[in-house]
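Colleague:
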Amino acid sequence: MGTNEDVDLSYSNDGRVPIRAEYTTPAVTESPAITAWRADRIKRGGPFRPRYMVYAGLGSPEMTAERIGALQQLGAESFLLAADLPSQLGFDPDHELAHAQVGRAGVSCGNLADFETICSKIDLKSADSIGMLSNSVGHIGMGMVSAVLADRGAGHVKLVMQNDPLKEFTARGTEIHEPAESVRIACDCVAYAIDENIPGFPLTVCSNHYDVAGAGPILALAFAFANATAYMDELVGRGYDPAQVSSRLMFFLNERSDLFTEAAAFRSARNIWSDILTERYGVVGAKQPVATLMGYAHGLETAEEPLVNLPRVTLSVLASVLGGVDYLCATGYDEAIRIPSIDAAALALRTMQVVGNEHGAAATVDPLVGSLKLHDIEDYIQTTVRLEMDRLDKEGGPVDAVKNDYIKLRIDENRGTREGQIARGERVMVGTNAYRATEQRHLFAGQSSGEIDFARIEELAKEKLAKHKATRDNQAVRRTLHDVVGAASTVENLLPPTIAALRAGATAAEIVQATREGFQA
Amino acid sequence: MSERIRVVLAKLGLDGHDVGINLIGKQLRDNGFEVIYLGKRVSTETIVNTAMQEDADVVGLSCLSGGLGYFAAKTVTQLRAQHLDIPVLAGGIDEPAEIERMLEVGVSRHFGPGTSLDDIVEAFRSAVTDKRSSSAVDHDPATEKTLRADHS
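Protein sequences appear in the order of chains L and C. Counting in this note's numbering, the first sequence runs from 84 upward without gaps. Counting in this note's numbering, the second sequence runs from -5 upward without gaps.
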């Protein structure tokens, strides 16, 4: 270390060059949202890196437990569970339509016992947060997570639930109920977390999936922030304080193709959300909570040269860190081929750690402040997002525009932008439309291998389900499911009866059925 | 061909990726086909019953998340069990062995990612044309038309 006259100075680089934790210049007037964010992070101290999150889930609950246990030993701090399609949609593994999907896109997690197994190798004492993708079954996913955290005395562990159903109708495809019913479920989760003082984020508003579905990153931001207002409106309508609700939302943003635009997207998001809080909810100045942003470094991977995806993911991680992301996960180099192998998942985690701890990328908060380039990009993003939000509002707003197809049409209109640019040679994809060397491709294969016998996973899941149904107290299951129906048919919060049903051994499929029955009553 | 071709389209299993099938539906309509799209998460029974009730000329199935071969083979088998000789075309991803098995059981064609929309429309057209010309040997077209009218 240096003279230590200034605690905000670091010399931990080869040339002992002094690096400040924060740079400011009178030439740049930052918005209140950026200023508040910087102050908050400076208070916490560096390195100004995100929490290392892993998005994991494959095969059986036991396999997933092994995987996330291993990743925690390597330094993963936040665990976002990927569930398979039957679990995300409320189908038991023995349902006709679940065939060949059990354990594929994520882990098979059909009841509370499955989730307990999944979490069995996580040391919750040192974990920052845990959550899962449960967008149309938010009450069930959050019920599982909160039950396990309560049972294991892990009240300090934060929630990181995705639980954003509105995007499913047009961008991701796991919708179950009507849009308004879906909003109600998602908001019941937020309300429950506030009422029960469960820390963290019961709802993550996502722009990522709109981008991936074809909208592109800017329109995606507009749709996501509009959805955020739908959830906020519902909760504020129930009497919750908008600042408190805002502090319980996380925003999952991304841009997948440009280092500076990606960084700018995170900074812009803070400004856009701050304006919404001011204008729509009257939450101003110091009353505004500093927004929590999540990122996912992914998006340019190719299947032909898997290892080459590592530098791509590294640059995306760097962009997110420079932009000030709070929670970050990174994709495996083999994601374009399969659910990542353990070596790919481990390397993705190490990639984030290298960027977050080496090379000084995280030595300074908001290191790109004052960049003319960033300023210009942010101006474009913020103006466009606001225009698109106004336009969406005129088209009925985030819920009605699902039904009248406006959102779908806008996604369709933008789809294929990247493919067109690559096909026309306007941009380069190494190994795809430039530097092609087909006969040398084996150099970039990596160790990825598909080691999972999915047919066997499905058989095991069915056997386990049959045993589960045979040994549980069916009377208790019926009674608790009846309460779920009751809650769904009124405005009662769905979480308490859902958690009771999970504890009695009801499956996610049965709870979805009961919820639907209540909605239709 | 003078008569409009009636197509039943469906997503198989629990797969929610419907961009491709929607594009194909639109392209088929633009080319004069009559399209009945059953949506996502459709059971084999519903597909077979709809094909029968709607007097479909051809069935198009899609799945990208696993199970394409299994569900498509099951659809063909159940159609044939009902004595319905309707061609079935399937698009999407699955293990090569599953694709091979589905084609052996009687699925007419498989389309992988990257197939052009024009090729797909042409395949739907020729699947029906081939079938009509082969069945014309056995049936008087006029009689066939009457039978078709009875169903609707």
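We treat Cβ as the ideally placed atom computed from N, Cα and C, and that holds for glycine.
Between 523/L, 148/L, 537/L, 364/L, which has its C-alpha nearest residue 207/L's C-alpha?
Modeller: The residue you call residue 207/L lines up with position 124 of the first sequence. Of the candidates 523/L, 148/L, 537/L, 364/L, the one whose C-alpha sits nearest the C-alpha of residue 207/L is 148/L.
Colleague: In chain C, which residues lie with their C-beta within 7 angstroms of the C-beta of residue 187/L?
Modeller: Working through the first sequence from its first residue, we reach residue 187/L at position 104. Simply 59, 60.
Colleague: Excluding sequence positions up to five away, which residues of its chain have a Cβ less than 8 angstroms from the Cβ of residue 129/L?
Modeller: Against the first sequence, residue 129/L aligns to sequence position 46. So the list reads 93, 104, 445, 446, 447, 448, once near-sequence residues are dropped.
Colleague: Ends of the beta strand (DSSP E) at residue 287/L?
Modeller: On the first sequence, residue 287/L is found 204 positions in, with the first residue counted as 1. 286 to 289 is the extent of the beta strand (DSSP E) around residue 287/L.
Colleague: Residue 142/L and residue 190/L: beta carbons closer than 9 angstroms?
Modeller: Sequence index remark: in the first sequence, residue 142/L carries index 59 (1-based). Sequence index remark: in the first sequence, residue 190/L carries index 107 (1-based). Yes.
Colleague: On the DSSP bridge assignment, give the partners of residue 103/L in chain order.
Modeller: For the purposes of this step, residue 103/L is taken as the residue at position 20 of the first sequence. DSSP, once it has assigned bridges, lists 92/L as partnering residue 103/L.
Colleague: Compare the C-beta of residue 13/C against all C-beta atoms of chain L and say whether one is closer than 9 angstroms.
Modeller: Here the question's residue 13/C lines up with position 19 in the second sequence. By this cut-off, residue 13/C is an interface position.
Colleague: Would you say residue 243/L and residue 283/L are within 9 angstroms of each other, going by their C-beta atoms?
Modeller: What you label residue 243/L is simply residue 160 of the first sequence in a count that begins at 1. What you label residue 283/L is simply residue 200 of the first sequence in a count that begins at 1. A contact, by the Cβ cut-off of 9 angstroms.
Colleague: Where does the unbroken beta strand (DSSP E) through residue 538/L begin, and where does it stop?
Modeller: Mapped onto the first sequence, residue 538/L falls at position 455. Premise fails: residue 538/L lies in the alpha helix (DSSP H), 537 to 554, not in any beta strand (DSSP E).
Colleague: Enumerate in chain order the residues of its own chain whose CB-to-CB distance from residue 70/C is below 8 angstroms, with the five nearest sequence positions on each side excluded.
Modeller: To locate residue 70/C, count along the second sequence from 1; it is residue 76. Closer than 8 angstroms at the Cβ level, and outside the excluded window around residue 70/C, lie 82, 96, 99, 100, 101.
Colleague: Contact defined as beta carbons within less than 8 angstroms: I believe residue 363/L pairs with residue 312/L. What is the distance between those atoms, to the nearest angstrom?
Modeller: As a first step, residue 363/L must be located in the first sequence, where it is residue number 280. As a first step, residue 312/L must be located in the first sequence, where it is residue number 229. Right, the Cβ-Cβ distance comes to about 6 angstroms (below 8 angstroms), so this counts as a contact.
Colleague: When we look at the beta-carbon of residue 134/C and count the other beta-carbons within 10 Å, is it buried (16 or more) or exposed?
Modeller: Your numbering for residue 134/C matches position 140 in the second sequence. Only weak support exists for where residue 134/C lies, its pLDDT of 47 falling under 50; the value from the coordinates is given anyway. Burial call: exposed.
Colleague: Pick helix, strand or coil for residue 60/C, following the three-state DSSP scheme.
Modeller: Walking along the second sequence from the start, residue 60/C turns up at place 66. Looking at residue 60/C - three-state DSSP - the assignment turns out to be coil, as it is neither helix nor strand.
Colleague: For residue 412/L, which of helix, strand or coil comes out of DSSP?
Modeller: One-based indexing of the first sequence puts residue 412/L at position 329. Here residue 412/L sits in strand by DSSP.
Colleague: Does any residue of chain C have a CB that is nearer than 9 angstroms to the CB of residue 260/L?
Modeller: Within the first sequence, numbered from 1, the residue matching residue 260/L stands at position 177. So no, residue 260/L is outside the interface.
Colleague: Helix or strand or just coil, what does DSSP make of residue 378/L?
Modeller: In the first sequence, counting from the first residue as 1, residue 378/L sits at position 295. If DSSP states are grouped into helix, strand and coil, residue 378/L belongs with the strands.
Colleague: Please compile the residues from chain C whose C-beta is within a distance smaller than 8 angstroms of the C-beta of residue 172/L.
Modeller: As a position in the first sequence, residue 172/L is number 89, starting the count at 1. In chain order: 8, 35.
Colleague: Going along chain C, which residues have a C-beta under 8 angstroms from residue 479/L?
Modeller: Along the first sequence, one-based indexing puts residue 479/L at 396. The contacting residues do not exist; residue 479/L stays about 21 angstroms from chain C at best.
Colleague: Can you check which of these residues, 290/L, 214/L, 155/L, 274/L, is closest to residue 494/L by C-alpha distance?
Modeller: As a working mapping, residue 494/L is identified with position 411 in the first sequence. The shortest C-alpha separation from residue 494/L is found at 290/L.
Colleague: If you check the beta carbons only, do residue 164/C and residue 25/C fall under 9 angstroms apart?
Modeller: The structure shown does not extend to residue 164/C, since chain C is modelled only from -5 to 146, so the question has no answer here.
Colleague: What in chain L is Cβ-close to residue 64/C, meaning under 9 angstroms?
Modeller: Start at 1 with the first residue of the second sequence, and residue 64/C comes out as number 70. Here the neighbours are 182, 183.
Colleague: Taking the Cβ atom as the reference point for each residue, do residue 213/L and residue 185/L lie within a distance shorter than 9 angstroms?
Modeller: Position 130 of the first sequence holds residue 213/L. Position 102 of the first sequence holds residue 185/L. Against a cut-off of 9 angstroms, the Cβ pair of residue 185/L and residue 213/L comes out as no contact.
Colleague: Taking the beta strand (DSSP E) that residue 351/L falls in, what are its first and last residues?
Modeller: As a working mapping, residue 351/L is identified with position 268 in the first sequence. Taken as a continuous stretch (DSSP letters only), residue 351/L belongs to no beta strand (DSSP E), being part of the alpha helix (DSSP H) at 342 to 364.
Colleague: Could you name the residues of the same chain whose beta carbon sits closer than 6 angstroms to that of residue 309/L, not counting the 5 residues immediately before and after it, in chain order?
Modeller: Residue numbering aside, residue 309/L sits at position 226 when the first sequence is read from its first letter. Non-local beta-carbon contacts of residue 309/L in its own chain, meaning distances under 6 angstroms to residues more than five positions away in sequence, involve 472, 475, 481 in chain order.
Colleague: Please give the ranges of any beta strand (DSSP E) in the segment 200 to 246 of chain L, keeping only runs that are unbroken, at least 3 residues long and fully inside the region.
Modeller: 212 to 215, 241 to 243
Colleague: 9 angstroms is my cut-off, CB to CB: does residue 38/C come that close to chain L?
Modeller: Numbered from 1 along the second sequence, position 44 holds the residue referred to as residue 38/C. At least one chain L Cβ lies under 9 angstroms of residue 38/C.
Colleague: Please list the segments of the alpha helix (DSSP H) lying wholly inside the segment 487 to 528 of chain L, counting only runs of 4 or more residues, in order along the chain.
Modeller: 489 to 497, 500 to 506
Colleague: Compute the distance between the beta-carbons of residue 164/L and residue 215/L, then report whether it is under 9 angstroms.
Modeller: Your numbering for residue 164/L matches position 81 in the first sequence. Your numbering for residue 215/L matches position 132 in the first sequence. For residue 164/L and residue 215/L, yes; Cβs fall inside 9 angstroms.
Colleague: According to DSSP, is residue 104/C helix, strand or coil?
Modeller: Locating residue 104/C in the second sequence gives position 110, counting from the first residue. It is a strand residue.
Colleague: Name the two residues that bound the continuous beta strand (DSSP E) containing residue 600/L.
Modeller: Counted from its first residue, the first sequence places residue 600/L at position 517. Segment 591 to 603 is the alpha helix (DSSP H) holding residue 600/L; no beta strand (DSSP E) there.
Colleague: Residue 419/L: which of 403/L, 343/L, 327/L, 392/L sits nearest, CA to CA?
Modeller: Within the first sequence, the letter at position 336 stands for residue 419/L. Taking each of 403/L, 343/L, 327/L, 392/L in turn and checking the Cα distance to residue 419/L, the smallest one comes out for 392/L.
Colleague: For the segment 314 to 343 of chain L, which segments carrying the alpha helix (DSSP H) assignment without a break, of at least 4 residues, lie completely within its bounds, in sequence order?
Modeller: 325 to 330
Colleague: What is the rounded straight-line gap between the Cα of residue 561/L and the Cα of residue 591/L?
Modeller: Counting from 1 along the first sequence, the entry for residue 561/L is found at position 478. Counting from 1 along the first sequence, the entry for residue 591/L is found at position 508. Those two C-alpha atoms are separated by around 14 angstroms.
Colleague: Count Cβ pairs between the segment 228 to 240 of chain L and the segment 171 to 188 of chain L that sit closer than 8 angstroms; are there 3 or more?
Modeller: no
Colleague: What residues from chain C crowd round residue 169/L, counting only those whose CB sits closer than 8 angstroms?
Modeller: Locating residue 169/L in the first sequence gives position 86, where the first residue counts as 1. Going along chain C in sequence order, the residues near residue 169/L (Cβ under 8 angstroms) are 8.
Colleague: Classify residue 375/L: buried if its beta carbon has 16 or more other beta carbons within 10 angstroms, exposed otherwise.
Modeller: Here residue 375/L is taken as the residue at index 292 of the first sequence, counted from 1. Taking all protein chains in view, the Cβ of residue 375/L is crowded by 16 or more other Cβ atoms within 10 Å, so the residue is classified as buried.
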